[in-house]
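Residue numbers (UniProt numbering): 1 to 278.
We put the beta carbon where it would ideally sit given N, CA and C, even for glycine.
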């Protein structure tokens, strides 16, 4: 049986709970009288939608801030020093990502000859040599399955001689297949995009010049088609890699701050982004 002592007929644990509740109320009152807390709370209220969930989040912020303002001044002073160190770390991290951007630019130039050759193979402008087209599979099960399939298919020499194997130019619908099968890309493709993507022949990335603000351009190269007269469509993405002065602790690396697409010269009646009502 639990041992409960009584004072004036009231259990001691009830008295202790009442004291804790009173201390919490006093601490909350002190926090809410602090101008810095009130200013932060007002800014939060100004910047959030007036929904029940937003008020819950704001209340949680107050609860989170309460322990900090209840700390001794010496401890708060040390925590503020840690904040300064963290801000300096964020600025160093920002420089790191700027140098990563420089490395991407450097290696993009090294990749480009390979990408150019890839485009030639895809479009059929150039046929790969025997050495370039040789590929040894490391998957023995696939090779065994392929061998079994060959054994099951019996083709006479006469039929083999007369049969004409299709030989389309290049690799048909290569990029369309990429967009359709890569999850991150397929989510962006609408049904009306699909016939257009079948004409896509190449995608290039061009980075901003050294010393210029961080940005990159995506170039989409198309073969002649029935939808638009442009041979290249572009989209420019502007980036920044610096902590926000108002909220430096939110920095998580470079972010896209703006993007700008080119003008598409649609052929008459072929603008898939516009619905024609007859």
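The straight-line gap separating the alpha-carbon atoms of residue 247 and residue 86 is approximately 12 angstroms. In this structure, residue 254 sits near residue 241, with a CB-CB distance shorter than 9 angstroms. Per DSSP, the continuous beta strand (DSSP E) segment holding residue 220 begins and ends at 215-222.
Rounded to the nearest whole angstrom, the CA to CA distance from residue 82 to residue 245 is 17 angstroms.
Look at residue 85 here: in three-state DSSP terms it is helix. Closest in alpha carbon position to residue 266, among 191, 167, 212, 227, is 227. In terms of Cβ geometry, residue 272 and residue 192 form a close pair [threshold 9 angstroms]. With a 10 Å radius around the Cβ and a threshold of 16 neighbouring Cβ atoms, residue 243 comes out buried. Inter-residue distance for residue 238 and residue 275 is about 31 angstroms (C-alpha atoms, whole angstroms).
Straight-line measurement puts the Cα of residue 106 at about 19 angstroms from the Cα of residue 236. Taking C-beta atoms as the reference points, residue 170 and residue 122 count as a pair closer than 9 angstroms. Shortest Cα-Cα distance from residue 124 to any of 172, 103, 137 involves 172. Around the beta carbon of residue 200, 16 or more other beta carbons sit within 10 angstroms, so the residue counts as buried.
Per DSSP, reduced to three states, the secondary structure at residue 111 is helical.
Collapsing the DSSP output to three states places residue 68 in a helix. Around the beta carbon of residue 214, 16 or more other beta carbons sit within 10 angstroms, so the residue counts as buried. Rounded to the nearest whole angstrom, the CA to CA distance from residue 73 to residue 185 is 52 angstroms. The shortest CA-to-CA distance from residue 216 to any of 258, 111, 126 is the one to 258.
Between residue 231 and residue 221, the beta carbon gap of about 7 angstroms places them in contact (Cβ cut-off 8 angstroms).
Annotation for residue 256: 237, 238, 239 place their beta carbon closer than 8 angstroms to its own, counting only its chain and skipping 5 residues before and after.
With a beta-carbon spacing of about 13 angstroms, residue 249 and residue 94 fall beyond the 8 angstroms limit used to define contacts.
Judged by DSSP in its simplified three-state form, residue 197 adopts helix. Here residue 103 carries a helix assignment [DSSP, helix/strand/coil].
Spanning the alpha carbons of residue 211 and residue 98 requires a straight line of approximately 10 angstroms. Looking at the DSSP output, residue 255 bridges to 240. Rounded to whole angstroms, residue 180 and residue 189 show a C-alpha spacing of 8 angstroms. An exposed status is given to residue 264, since fewer than 16 other beta-carbon atoms sit within 10 Å of its beta-carbon. When DSSP states are grouped into helix, strand and coil, residue 265 belongs to the coil group. Within the same chain, 217 come within 6 angstroms of residue 206 by CB-CB distance, once the 5 residues on both sides are set aside.
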